[in-house]
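Using this note's numbering, the first residue of the sequence shown is number 3, and each one after it goes up by one.
To keep things clear, I will list the structure first and then write my remarks on it.
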Amino acid sequence: MPVYADEYLKIIDITEEVERVVRESDIKEGFVIVYSPKPTSAVAINENDPDLWKDILETYQRLVPVKAEYRHNAKYKGIPSEENAHAHILNTFIGTSVVIPIRNGRLQLGTWQSVLYIELDGFKRRELTVQVVGE
């Protein structure tokens, strides 16, 4: 499933796309795995609230600043696309995948929950893996 972030740090609600994949699979009972194979992006489940997303992104920047001194960045100094230690570090906090139960062909998300793609090293086209398992 393709996704594109037009900002350096960005949260994108991908719930509708995941629901579409589940519908097209005809799986009624099982689960879906949403996985980002890139170590500078993440997948999470949280509330679909743009103000909360701003709070989350601001917290990420306070905890793991982009411009801090990182050995990874020093090793790749002068190669901007590789000076992204902050993104790798944040990825370890958030994770690269979520597993969501499917019942009666529908995602079993809480009332306010959404599936979120989190870009940590922006302006990139990514391909997420969405695997539906069940019967």
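Positions of the beta carbon are idealized from the N, C-alpha and C atoms, including for glycine.
Do you know how far the Cα of residue j is from the Cα of residue i?
{"i": "I16", "j": "S116", "result": "8 Å"}
{"i": "P103", "j": "Q110", "result": "5 Å"}
{"i": "S27", "j": "K69", "result": "43 Å"}
{"i": "W114", "j": "T98", "result": "21 Å"}
{"i": "Y37", "j": "G80", "result": "30 Å"}
{"i": "H90", "j": "E31", "result": "34 Å"}
{"i": "I14", "j": "W55", "result": "9 Å"}
{"i": "L92", "j": "V23", "result": "27 Å"}
{"i": "I35", "j": "T42", "result": "18 Å"}
{"i": "V66", "j": "G112", "result": "29 Å"}
{"i": "V132", "j": "E21", "result": "10 Å"}
{"i": "S83", "j": "A7", "result": "15 Å"}
{"i": "T94", "j": "D53", "result": "24 Å"}
{"i": "R64", "j": "D51", "result": "20 Å"}
Go through its chain and collect everything with a Cβ distance to residue i's Cβ below 6 Å, but skip five positions before and after it.
{"i": "Y72", "result": "A87"}
{"i": "E19", "result": "M3"}
{"i": "E85", "result": "N75 and Y78"}
Enumerate in chain order the residues of its own chain whose CB-to-CB distance from residue i is below 8 Å, with the five nearest sequence positions on each side excluded.
{"i": "R25", "result": "G107"}
{"i": "E9", "result": "E121, G124 and F125"}
{"i": "I29", "result": "I104, G107, V134, V135, G136 and E137"}
If you drop the 5 nearest sequence neighbours on each side, which residues of the same chain put their C-beta closer than 7 Å to that of residue i?
{"i": "I96", "result": "A44, A46 and I120"}
{"i": "F33", "result": "V101, I102, P103, I104, V135 and G136"}
{"i": "V5", "result": "I14, I16, Y119, R128 and L130"}
Would you kindly report the start and end of the unbroken alpha helix (DSSP H) that includes residue i?
{"i": "I91", "result": "A87 to I96"}
For the putative contact between residue i and residue j, defined by C-beta atoms under 8 Å, what is the C-beta separation to the nearest angstrom?
{"i": "R128", "j": "K12", "result": "About 11 Å separates the two Cβ atoms, so there is no contact after all."}
{"i": "L118", "j": "N48", "result": "6 Å"}
Would you give the residue range spanned by the beta strand (DSSP E) that residue i belongs to?
{"i": "S99", "result": "S99 to R105"}
{"i": "T113", "result": "Note, T113: premise wrong, no beta strand (DSSP E); not H, not E."}
{"i": "I47", "result": "S43 to E49"}
Contact between the segment 48-60 and the segment 76-86 is defined here as three or more beta-carbon pairs at a separation below 8 Å; is this criterion met? no
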